[in-house]
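Written below as structure tokens is the structure these notes are about.
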Amino acid sequence: MPITANDKLDVHKIRADFPILQRRVHGKPLVYLDTAASAQRPLAVIEAIDGFYRNHNANIHRGVHTLSQEATEDYEQARAKIAGFINAPSKLECVFTRGTTESINLVAHSFVRPSLKAGDEILISWMEHHSNIVPWQLLCEETGAILKVVPMNTRGELELDTLAEMLTERVKLLAVGQISNALGTVNPVSEICTLAKQQGVPVLVDGAQATPHQAVDVQALDCDFYCFSGHKMYGPTGIGVLWARAGHLQAMPPYQGGGEMIRHVSFEKSTFNDAPGKFEAGTPNIAGAVGLGAAVDYLQSLGMGNVARREAELLAYGTQKLSQVDGFRMIGTAAHKAGVLSFVLGDIHANDVGTIVDLHGVAIRTGHHCAMPVVQFFDLPATARASLGIYNTFEEIDILADALEKVLGMF
Ligand code: PMP
Numbered sequence: 014m015p016i017t018a019n020d021k022l023d024v025h026k027i028r029a030d031f032p033i034l035q036r037r038v039h040g041k042p043l044v045y046l047d048t049a050a051s052a053q054r055p056l057a058v059i060e061a062i063d064g065f066y067r068n069h070n071a072n073i074h075r076g077v078h079t080l081s082q083e084a085t086e087d088y089e090q091a092r093a094k095i096a097g098f099i100n101a102p103s104k105l106e107c108v109f110t111r112g113t114t115e116s117i118n119l120v121a122h123s124f125v126r127p128s129l130k131a132g133d134e135i136l137i138s139w140m141e142h143h144s145n146i147v148p149w150q151l152l153c154e155e156t157g158a159i160l161k162v163v164p165m166n167t168r169g170e171l172e173l174d175t176l177a178e179m180l181t182e183r184v185k186l187l188a189v190g191q192i193s194n195a196l197g198t199v200n201p202v203s204e205i206c207t208l209a210k211q212q213g214v215p216v217l218v219d220g221a222q223a224t225p226h227q228a229v230d231v232q233a234l235d236c237d238f239y240c241f242s243g244h245k246m247y248g249p250t251g252i253g254v255l256w257a258r259a260g261h262l263q264a265m266p267p268y269q270g271g272g273e274m275i276r277h278v279s280f281e282k283s284t285f286n287d288a289p290g291k292f293e294a295g296t297p298n299i300a301g302a303v304g305l306g307a308a309v310d311y312l313q314s315l316g317m318g319n320v321a322r323r324e325a326e327l328l329a330y331g332t333q334k335l336s337q338v339d340g341f342r343m344i345g346t347a348a349h350k351a352g353v354l355s356f357v358l359g360d361i362h363a364n365d366v367g368t369i370v371d372l373h374g375v376a377i378r379t380g381h382h383c384a385m386p387v388v389q390f391f392d393l394p395a396t397a398r399a400s401l402g403i404y405n406t407f408e409e410i411d412i413l414a415d416a417l418e419k420v421l422g423m424f
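Note that the sequence shown covers residues 14 to 424 in our numbering.
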């Protein structure tokens, strides 16, 4: 089947927006295929952060002076952009965090922990990132609750019938990734939320890998919590978001204590701000929020439908092209996948593959991708992973394929 380029996006124009793509690595043009670990930043994001520090920098919310008011306005405007991006009913439901990991830990401590008892269950899936495993494990160890894992098949697809059976009244939360960073599987999260809702089980969606690749609508998904990170979606590190239903946020106790999250403090007792302030103790990453707002503007200027189509074309091309390399075996062959090509090359260790292709300027990731149970499932020590972003080209996939041929030639 011929693969046609998506004419809605001009990849050369997009590439010009990302200064780092001009770099050379080991004397070769950089081929950046590690977007699932962290995306590169467009000039619009870099300039938004630079502009904030040059022109508006001050602490937020507490100041009467002009800079403080401007900084507050910038920070709150970013929150409103993010709410629009995920179609949240209100920006007050969007809590700024350090990233997906902190968003999940916040839900673990403030939503689940207060009522979790021995024998209760928390349900996750086999393909979760460590950040959607370990917080639940810690809670279970503390309370005697049980962590249950929804199995997957050898293509890397969740077994939905089993999931439905596991959704009993003992389950206090289902936490599931929308897109697997290790396999690229796109989980049917909307269907999963419907199943959970029938049993009255709240759902947390780890959207870290979804927000850069496809349009997200938390109302259409009908989940309870949605977590994501700025740096995966072309924004800064150290900033992320927890979206939660207003009713949950209202009922949840604070996660951390400190400035900003209070209404009144005395030595006898403190009262707390309404959400989202209640969950944003201390001075937040103001410039990070501004940068994330700029990343949202940038993605929306491309159109998330166009982004998803473009990456689907690259994925189809990459799957076809790399499959022609001797000894290439794709790990993760779900019917519905996003831009992740996890693979092994014969019996060559993934770290050797990654090190050698780097000499050709190609950046891929190797290892367990913070999802050790996934590599264990496939009985592998590690995989190599090429992951795609809006700036990647068909030619870059050809360069990876050539580099893999050179790896084969060395063994
Ligand atoms: N979940 C998934 C699916 C991820 O890919 C990642 C990052 N690799 C995380 C969670 C954690 O994100 P962060 O490190 O930004 O908190």
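Note that the Cβ used here is the ideal one computed from N, Cα and C, for glycine as well. In this text, all values refer to a predicted model and were calculated from it rather than measured experimentally.
Bounding residues of the alpha helix (DSSP H) (the contiguous stretch that carries Ser314): Position 301 of the sequence shown, counted from the start, is the residue given in the question as residue 314. Run containing Ser314: Ile299 to Leu315, per the alpha helix (DSSP H) assignment.
Please state whether the Cβ-Cβ distance between Tyr185 and Leu129 is less than 8 Å. Against the sequence shown, residue 185 aligns to sequence position 172. Against the sequence shown, residue 129 aligns to sequence position 116. Checking the sequence shown, residue 185 turns out to be Lys, not Tyr. Yes, Cβ-Cβ distance for Lys185 and Leu129 is below 8 Å.
Using only the heavy atoms of the ligand PMP, determine whether one of them is closer than 7 Å to the beta carbon of Thr113. Walking along the sequence shown from the start, residue 113 turns up at place 100. Result yes, Cβ under 7 Å from the ligand PMP.
Limits of the beta strand (DSSP E) - the one that Val163 falls within: Position 150 of the sequence shown holds residue 163. Where Val163 is concerned, the enclosing beta strand (DSSP E) stretches over Ile159 to Val163.
Once you ignore the five residues that flank Ile369 on each side, which residues in its own chain have a CB closer than 6 Å to its CB? Within the sequence shown, the letter at position 356 stands for residue 369. Excluding residues within five positions, the ones whose Cβ falls inside 6 Å are Val420.
Within 10 angstroms of the Cβ of Thr181, are there 16 or more other Cβ atoms? Answer buried if so, exposed if not. Your numbering for residue 181 matches position 168 in the sequence shown. Its Cβ having fewer than 16 others within 10 Å, Thr181 is exposed.
Does DSSP put Leu417 in a helix, a strand or coil? Taking the first residue of the sequence shown as 1, we reach residue 417 at position 404. Correct three-state label for Leu417: helix.
Do the CB positions of Asp237 and Val216 come within less than 8 Å of each other? Within the sequence shown, the letter at position 224 stands for residue 237. Within the sequence shown, the letter at position 203 stands for residue 216. Against a cut-off of 8 Å, the Cβ pair of Val216 and Asp237 comes out as a contact.
Buried or exposed: where does Val120 fall if 16 or more other Cβ atoms within 10 Å of its Cβ makes it buried? Here residue 120 is taken as the residue at index 107 of the sequence shown, counted from 1. Looking at its Cβ environment, which holds 16 or more other Cβ atoms inside 10 Å, Val120 is buried.
Could you tell me which residues DSSP pairs with Gly190 in its beta bridges? Against the sequence shown, residue 190 aligns to sequence position 177. Gly190 pairs with Asp219.
Residues that DSSP places opposite Pro42 in a beta bridge: Indexing the sequence shown from 1 puts residue 42 at position 29. DSSP output for Pro42 lists Arg37 as bridge partner(s).
Sorted by chain position, which residues of the same chain lie with C-beta nearer than 8 Å to Phe390's C-beta, five sequence neighbours on each side aside? On the sequence shown, position 377 is the one that residue 390 refers to. Closer than 8 Å at Cβ, skipping near neighbours: Trp139 and Met165.
Distance, Val58 Cα to Ala307 Cα: Reading the sequence shown from its first residue, position 294 is the one you call residue 307. Reading the sequence shown from its first residue, position 45 is the one you call residue 58. If I take the Cα positions, the gap works out to 5 Å.
Alpha carbon to alpha carbon, what distance is there between Pro32 and Leu22? In the sequence shown, the residue the question calls residue 22 occupies position 9. In the sequence shown, the residue the question calls residue 32 occupies position 19. Approximately 18 Å, taken between the alpha carbons.
Tell whether a beta-carbon distance below 8 Å holds between Leu173 and Ile377. Here residue 173 corresponds to residue number 160 of the sequence shown, with the count starting at 1. Here residue 377 corresponds to residue number 364 of the sequence shown, with the count starting at 1. For Leu173 and Ile377, no; Cβs fall outside 8 Å.
For Lys26, count the other beta carbons within 10 Å of its own beta carbon; 16 or more makes it buried, fewer makes it exposed. Which is it? By one-based count along the sequence shown, residue 26 stands at place 13. So Lys26 counts as exposed.
For the alpha helix (DSSP H) that Tyr66 lies in, which residues bound it at each end? For the purposes of this step, residue 66 is taken as the residue at position 53 of the sequence shown. Looking at the DSSP string, the run of the alpha helix (DSSP H) that includes Tyr66 is Leu56 to Asn68.
In its own chain, which residues sit with a C-beta less than 7 Å from the C-beta of Ala52, not counting the 5 before and 5 after it? Within the sequence shown, the letter at position 39 stands for residue 52. Cβ neighbours of Ala52 beyond the five flanking positions: Pro225, His244, Lys245, Met246, Tyr247 and Gly402.
Starting from the C-beta of Arg28, find all residues in its chain whose C-beta is less than 7 Å away, skip the five residues before and the five after it, and write them out in chain order. For the purposes of this step, residue 28 is taken as residue 15 along the sequence shown, with counting starting at 1. Closer than 7 Å at the Cβ level, and outside the excluded window around Arg28, lie Leu34 and Tyr404.
Which same chain residues end up closer than 6 Å to Ser203 when comparing Cβ atoms and leaving out the 5 residues on each side of it in sequence? Indexing the sequence shown from 1 puts residue 203 at position 190. Cβ neighbours of Ser203 beyond the five flanking positions: Leu234.
Answer with buried or exposed for Pro127, where buried requires no fewer than 16 other C-beta atoms within 10 angstroms of its C-beta. Residue numbering aside, residue 127 sits at position 114 when the sequence shown is read from its first letter. Exposed, since its Cβ has fewer than 16 Cβ neighbours within 10 Å.
If you draw a straight line from the C-alpha of Arg323 to the C-alpha of Ser242, how long is it? Translated into positions along the sequence shown, residue 323 becomes position 310. Translated into positions along the sequence shown, residue 242 becomes position 229. Going by the C-alpha atoms only, they are around 22 Å apart.
Exposed or buried, which one is Thr79 when buried takes at least 16 other CB atoms within 10 Å? If you number the sequence shown from 1, residue 79 lands on position 66. Per the 10 Å Cβ criterion, exposed.
Does the pairing of the stretch 286 to 305 with the stretch 99 to 110 give three or more beta-carbon distances under 8 Å? yes
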